[in-house]
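J.: Attaching a single structure in structure tokens format; questions to follow.
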Amino acid sequence: QVQLKESGPGLVQPSRTLSLTCTVSGFSLTSYGVSWVRQPPGKGLEWIAAIWSGGSTDYNSALKSRLSISRDTSKSQVLLKMNSLQTEDTAMYFCARFSSPYYFDYWGQGVMVTVSS
Amino acid sequence: DIQMTQSPASLSASLGETVTIECRASEDIYNGLAWYQQKPGKSPQLLIYNANSLHTGVPSRFSGSGSGTQYSLKINSLQSEDVASYFCQQYYNYPLTFGSGTKLEIK
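If you're matching them up, the sequences are chains A and B in order. Numbers 20 to 136, taken from the numbering used here, label the letters of the first sequence in order. Numbers 21 to 127, taken from the numbering used here, label the letters of the second sequence in order.
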């Protein structure tokens, strides 16, 4: 069955770089895209970045200068890096599968990231 | 960016009732709209895509409608397991954007 699982550090210091990994199973990264979406505590959802099945990437323009998304198809992993972290980046980070059209049909359980010194 | 205005922010209804949640886009999104359900402490789950298509395995008491800038999610015969937050998402244009959510409770 389709599964996505996020992993990463729970706590990051301000100004440091966050690295998150989404490990997928039950589908191929060359057939489906994977996106990252975050949700600050008690708040709504914000789309961050995506990598398509063909390897092209899209970024939220509000965050683009701080982001990098990549993948390792041999490991079925999608990697997200976000630099210059601030307290407002504290959120639950989800990865989710998509194809075309661009909606998310499967989501991971999420990983909580807290930015604090 | 396309702004998605969702209403109401919270909703309380009785079991068996029908409820409707609205989402208004700041411009025409040509049915590029999805609805998600998020139960407390869980990840969002897809309910509806392309404004009115039911995702696999979703109960038929959920339905979506609308066009242009106005869309709605209807839940018939409200069940206790429908307690959750509901979000709309447009995927007509970048950046993908979500509504602010509707928290549904049982009276």
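Every residue gets a Cβ at the ideal spot worked out from N, C-alpha and C, and that includes glycine.
1. Per DSSP, A/A69 forms a beta bridge with which residues?
2. Have a look at A/F46, A/Q58, A/P28, A/M101 and flag the residue whose alpha-carbon is nearest the alpha-carbon of A/S93.
3. So which residues on chain A does B/N70 lean against when the C-beta distance must stay under 7 Å?
4. I want to verify the contact list: residues of chain A whose CB lies under 9 Å from the CB of B/F118, in sequence order.
5. State the Cα-Cα distance for the pair B/S27 and B/T40, rounded to the nearest angstrom.
6. Tell me, please, which residues DSSP counts as bridged to A/K169.
7. Should A/E25 and A/G127 be called a contact, given that it needs their Cβ atoms to be closer than 7 Å?
8. Note down, in chain order, all residues in the region 93–123 of chain B with a beta-carbon under 8 Å from any beta-carbon belonging to chain A.
9. Can you give me the C-alpha to C-alpha distance between B/T38 and A/A115, rounded to a whole angstrom?
10. Just verifying my parser: in three-state terms, what is the DSSP assignment at B/E37?
T.: Result, derived from the coordinates:
1. A/S54, A/D77
2. A/F46
3. P120
4. V56, G63, L64, E65, W66
5. The alpha-carbon atoms of B/S27 and B/T40 are separated by roughly 9 Å.
6. In the structure displayed, chain A extends from 20 to 136; residue 169 of chain A sits before or after that span and is not available.
7. yes
8. F107, Q109, Y111, Y114, P115, L116, T117, F118, G119, S120, G121
9. 30 Å
10. coil
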